[in-house]
Amino acid sequence: NKFGDPYVAARNGWLDDVIEPEESRMRLCRALNIIKSKREWSPPKKHGNIPL
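Residues in the sequence shown are numbered from 28 upward in steps of one, following the working numbering.
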């Protein structure tokens, strides 16, 4: 019963948010649209691998 209630888990900081069933499609679509255009940036390498 300790982990059965999502509101208790959210209150204790184990979850970020509790999504109601009627909101799930909208929230999922929004999240997918956000990450669809995400570009991961990595700094250029300072040194290449040298053969040993």
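Ideal Cβ placement from N, Cα and C applies to all residues, glycine included.
- Using the C-alpha atoms, what's the distance from Asn-76 back to Ala-36? Answer to the nearest angstrom: the Cα atoms are 47 angstroms apart.
- Message: Give me, in chain order, the residues of the same chain whose beta-carbon lies closer than 7 angstroms to that of Val-45; leave out the 5 immediate sequence neighbours on both sides.
- Response: Pro-33, Tyr-34, Ala-37
- Item | CA-to-CA distance, Pro-71 to Pro-78, given in whole angstroms | 20 angstroms
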